[in-house]
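When you line the sequence shown up against the numbering used here, it's residues 470 to 601, in that order. Cβ coordinates follow ideal geometry from the N, Cα and C atoms, glycine included. These numbers come from a predicted model, not from an experiment. Take a look at the structure below.
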Amino acid sequence: MTTALPPPLPSHPVLRLRLAPRSGMPRPIDGAWWPRSYDLLAELPSLLSGLPRAWGQVTSVTVNGATWPAAPGRMLVSNQVVRLHRALAASAPHTVVLLAPGRGRWDLLVVPPDTTEEAAEPLMAAAASDQE
């Protein structure tokens with residue numbers, strides 16, 4: 470009698486990110502990110518490493534200061550210094566802004582970490598749709 474072993478868990482959790490198709494027109498939201506926590510120091514490296522190479526090296530990240538706990542002003546991600554900014558504007562509490570010099574700016578909807586999969590999926594799909 471043999472017992473099937475469960476598949477091994479991935480060493481790194483799968484990045485929950487959906488990006489909108491590239492177009493020539495600017496978009497208010499370029500996709501959606503569903504982090505597993507509000508620990509920016511733990512979550513940001515996987516987000517940045519999962520972005521398309523065409524986006525270039527992101528050197529600045531802005532998050533909503535009321536939503537995300539305090540973090541240092543910069544951190545090292547893949548041997549690159551990334552500046553962290555906390556905006557206090559209430560106009561976009563669930564977004565993160567990524568800047569890459571000479572490449573552009575991308576605004577991602579942040580799905581709150583405690584959102585259920587059933588609620589998160591439609592939000593992510595809508596943010597990544599090609600409907601503007």
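Pick from the options that is closest to residue i, judged by C-alpha positions
i      : options                           : result
Asp499 : Val566, Thr584, Ala511 and Asp583 : Val566
Pro482 : Ser515, Pro497 and Tyr507         : Ser515
Arg496 : Asp583, Glu590, Thr585 and Leu577 : Leu577
Asn548 : Gln526, His563, Ala561 and Glu587 : Gln526
Thr564 : Gly519, Leu517 and Val530         : Val530
Straight-line Cα distance separating residue j from residue i
i      : j      : result
Ala510 : Ser492 : Here residue 510 is Leu; the residue named in the question, Ala, does not match the sequence. About 31 Å.
Gly534 : Arg555 : 5 Å
Ala489 : Ser598 : 6 Å
Leu568 : Thr584 : 26 Å
Ala595 : Arg543 : 31 Å
Leu553 : Arg485 : 21 Å
Met494 : Glu586 : 30 Å
Ser518 : Pro541 : 20 Å
Thr528 : Leu520 : 13 Å
Residue environment, residue i, which counts as buried when at least 16 other CB atoms sit within 10 Å
i      : result
Met593 : buried
Arg574 : exposed
Arg522 : exposed
Ala539 : exposed
Val532 : buried
Val546 : buried
Val650 : A question about residue 650 goes unanswered here, because the residues of the chain that appear run from 470 up to 601.
Leu557 : exposed
Sequence-distant residues of the same chain with beta carbon closer than 6 Å to residue i, five excluded per side
i      : result
Arg505 : Pro582
Arg487 : Gly500, Ala501, Met593 and Ala597
Trp537 : Tyr507 and Leu509
Any chain B beta carbon closer than 8 Å to residue i
i      : result
Ile498 : Although the question refers to chain B, the structure presented lacks it and comprises just one protein chain.
Close Cβ partners of residue i (< 7 Å) along its chain, the five nearest in sequence each way excluded
i      : result
Ala589 : Trp503 and Val580
Contact set for residue i: own chain, Cβ-Cβ below 8 Å, skip 5 residues either direction
i      : result
Glu512 : Pro504, Arg505 and Ser506
Trp524 : Leu567, Ala569, Arg572, Gly573 and Trp575
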